[in-house]
Amino acid sequence: KLTDIDKLVYANQKAQKYKDNDFYTIRSLLGLSDWCWFYIILGGRDAGKSYAVMEQFLKDWKRKHIPFYWIRLNEASTKKLLSNNAKKLVDADLYRKYDLDLKVKGNDVFDHGKKMCTVLALSTFYNDKGVAEFDKDFLTDMCMHYNLALDEFQPEKGQKKVTSDICYAFVK
Numbered sequence: 023k024l025t026d027i028d029k030l031v032y033a034n035q036k037a038q039k040y041k042d043n044d045f046y047t048i049r050s051l052l053g054l055s056d057w058c059w060f061y062i063i064l065g066g067r068d069a070g071k072s073y074a075v076m077e078q079f080l081k082d083w084k085r086k087h088i089p090f091y092w093i094r095l096n097e098a099s100t101k102k103l104l105s106n107n108a109k110k111l112v113d114a115d116l117y118r119k120y121d122l123d124l125k126v127k128g129n130d131v132f133d134h135g136k137k138m139c140t141v142l143a144l145s146t147f148y149n150d151k152g153v154a155e156f157d158k159d160f161l162t163d164m165c166m167h168y169n170l171a172l173d174e175f176q177p178e179k180g181q182k183k184v185t186s187d188i189c190y191a192f193v194k
């Protein structure tokens with residue numbers, strides 16, 4: 023049985039582990055989001071932003087069956103994510119950790135036969151105006167919500183110029 027001192031030492035070690043981590047952890051940010059609609063996560067390259075968001079979305083999918091939307095700027099990027107049964111959508115270690123069995127049909131990604139994710143291109147949002155993307159009855163349970171990630175929304179230097187207003191297209 024752990025003593026109070028052992029519990030404090032353990033808690034301190036755990037807190038230090040998070041402080042020493044070079045990668046993002048967004049557990050507290052996305053764990054309970056009933057009061058906020060949009061979070062913007064900014065940071066340097068290879069810091070783990072997309073990875074951390076994907077891991078949280080996969081936790082929500084496996085624990086609560088909450089589907090998610092993964093959005094990129096253009097169709098070329100979404101096609102890469104969806105190719106080879108979405109092998110590029112989820113990092114290999116997360117694929118194993120969450121025992122995923124992904125199959126792709128159109129822009130939808132299924133895990134063990136159930137719709138887990140829809141991958142969309144922001145550049146074609148205007149084509150989807152008026153399309154029923156959400157299930158209103160899904161949201162009658164107050165614990166349910168949809169997760170959406172606009173990933174890699176800042177174009178790289180030299181990348182083809184984005185011709186639309188990214189914020190406007192995303193919110194509309």
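Residues in the sequence shown are numbered consecutively from 23, following the working numbering.
Here a beta-carbon is modelled for each residue, glycine too, at the ideal position from N, C-alpha and C.
Since we're looking at a predicted model, the values are computed, not measured.
Span of the beta strand (DSSP E) around Ala171
Its beta strand (DSSP E) spans residues 169-172.
Given a threshold of 16 other Cβ atoms within 10 Å of its Cβ, counted over all protein chains shown, does Ile93 qualify as buried or as exposed?
Answer is buried; the Cβ neighbour count reaches 16.
Provide the residue(s) that pair with Val31 in DSSP beta bridges, ordered along the chain.
Looking at the DSSP assignment, Val31 forms no beta bridge with any residue, so it has no partner.
Throw me the rounded Cβ distance for the Gly131 and Leu111 pair, which I believe falls under 8 Å.
A small correction: the amino acid at residue 131 is Val; Gly does not occupy that position in the sequence shown. Indeed they touch by this definition, with Cβ atoms about 7 Å apart.
Output the distance between the C-alpha atoms of Gly128 and His87, rounded to the nearest integer angstrom.
It is roughly 21 Å from the alpha-carbon of Gly128 to the alpha-carbon of His87.
From Met138, Asp28, Ser72, Asn34, residue whose alpha carbon lies closest to that of Asn208:
An answer regarding residue 208 cannot be provided, because it is not within the stretch 23 to 194 covered by the chain.
Given this structure, state the Cα-to-Cα distance separating Leu142 from Leu30, to the nearest angstrom.
Using only the alpha carbons, I get a separation of about 46 Å.
For Lys125 and Gly135, the rounded distance between their alpha carbons
Distance between the alpha carbons of Gly135 and Lys125 is about 8 Å.
Considering Tyr91, what are the terminal residues of the beta strand (DSSP E) in which it resides?
It spans 90-94 - the beta strand (DSSP E) in which Tyr91 sits, taken as one unbroken run.
Asp121 versus Ile27: straight-line alpha-carbon distance, rounded
Each residue's Cα considered, the two are about 37 Å apart.
Would you kindly work out how many angstroms separate the C-alpha atoms of Asp173 and Lys36, rounded to a whole number?
Straight through space, the alpha carbons of Lys36 and Asp173 are spaced by roughly 29 Å.
Do Leu103 and Leu80 count as a contact pair if the criterion is CB distance below 8 Å?
Not closer than 8 Å, so no.
Over what stretch of residues does the beta strand (DSSP E) that includes Lys127 continue unbroken?
Element bounds for Lys127: 124-127.
Report the three-state DSSP secondary structure of Ala143 (helix, strand or coil).
Here DSSP, grouped into helix, strand and coil, assigns Ala143 to strand.
Identify which residue in Leu95, Arg67, Ser105, Phe90 has its Cα closest to the Cα of Met76.
For the residues Leu95, Arg67, Ser105, Phe90, the minimum Cα distance to Met76 belongs to Phe90.
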